[in-house]
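One structure below.
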Amino acid sequence: MMNHIIDSGALFDAIDKLKVDDNYFAIAFGIYLDYYTGKAEKLKKESERIYSYNGMTIMLLDCPTQYFSKRIYIMRKDDRPYIDFQEPSEDQKAEMQLKKFSEYGLWMSIQRVEGHEKALSEEYFKKLGDEKNMYSLFHVIWAPKLFFKEKYNKICLKVYYKTTDEGTADPVDKIKPFEVPQE
Numbered sequence: 000m001m002n003h004i005i006d007s008g009a010l011f012d013a014i015d016k017l018k019v020d021d022n023y024f025a026i027a028f029g030i031y032l033d034y035y036t037g038k039a040e041k042l043k044k045e046s047e048r049i050y051s052y053n054g055m056t057i058m059l060l061d062c063p064t065q066y067f068s069k070r071i072y073i074m075r076k077d078d079r080p081y082i083d084f085q086e087p088s089e090d091q092k093a094e095m096q097l098k099k100f101s102e103y104g105l106w107m108s109i110q111r112v113e114g115h116e117k118a119l120s121e122e123y124f125k126k127l128g129d130e131k132n133m134y135s136l137f138h139v140i141w142a143p144k145l146f147f148k149e150k151y152n153k154i155c156l157k158v159y160y161k162t163t164d165e166g167t168a169d170p171v172d173k174i175k176p177f178e179v180p181q182e
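So that you can map any letter, position 179 of the sequence shown is 178 in numbering that gives the first Met the number 0, and since no number is skipped, the others follow by simple counting.
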């Protein structure tokens, strides 16, 4: 993987150097892309967390860890990770009366505590006292699993903010078109 530290003001100049188009895909973590709309001519906001730049789709995700935040990972569209949503077990579906609420594998239910005492620990059950029928249980199961190809070309641009980051950014001229060797 090629890594570059790019000054925040030169982010889209660096992306231009990669010569991306609609054959590429990017995942951005913790970058406020709305700041760049109107400044970067080819950047368009498609929906709440989806942007496009020169045809390349950019998915914006929040991730406060130091290993991902303020980074944008760019890869060929065919190399992007895919996500699979695991279903709860049949026992879980039956016991919790779960129903699927979205195409993204979100399963939920609301049940009265009374009649479903096994779902609570004894400690919580005691705290409810004699009015168990006044309380409900809210169950949510969401089990996404992200899959990556074993080897694929990718470039990581870490966005450098002068006011909060130490060190220096790489010159944009150091960036070459998206032809990195397979790892």
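The beta carbon of each residue, even a glycine, is placed where N, CA and C say it ideally should be. None of these values were measured; they are calculated from a predicted model.
Query, Result
"Cβ neighbour criterion (16 or more within 10 Å) applied to Pro82", "Reading the sequence as shown, one finds Ile at residue 82 and not Pro. Counting Cβ neighbours within 10 Å, Ile82 comes out exposed, since fewer than 16 surround it."
"Given Ile14 as reference, the closest of Ile73, Ser101, Phe84, Ser88 once Cα atoms are compared", "Ile73"
"Distance, Met1 Cα to Asn152 Cα", "9 angstroms"
"Cβ pair Asp78, Lys144 closer than 8 angstroms", "no"
"Gln65 - DSSP class collapsed to helix/strand/coil", "coil"
"Extent of the continuous alpha helix (DSSP H) run through Ile14", "10 to 17"
"Under 8 angstroms between C-beta atoms of Ile57 and Tyr159", "no"
"Start and end residues, beta strand (DSSP E) containing Phe146", "135 to 146"
"Own chain residues within Cβ distance below 7 angstroms of Tyr103, not counting five before or after", "Phe84"
"Gln91: first and last residue of the uninterrupted alpha helix (DSSP H) it sits in", "89 to 95"
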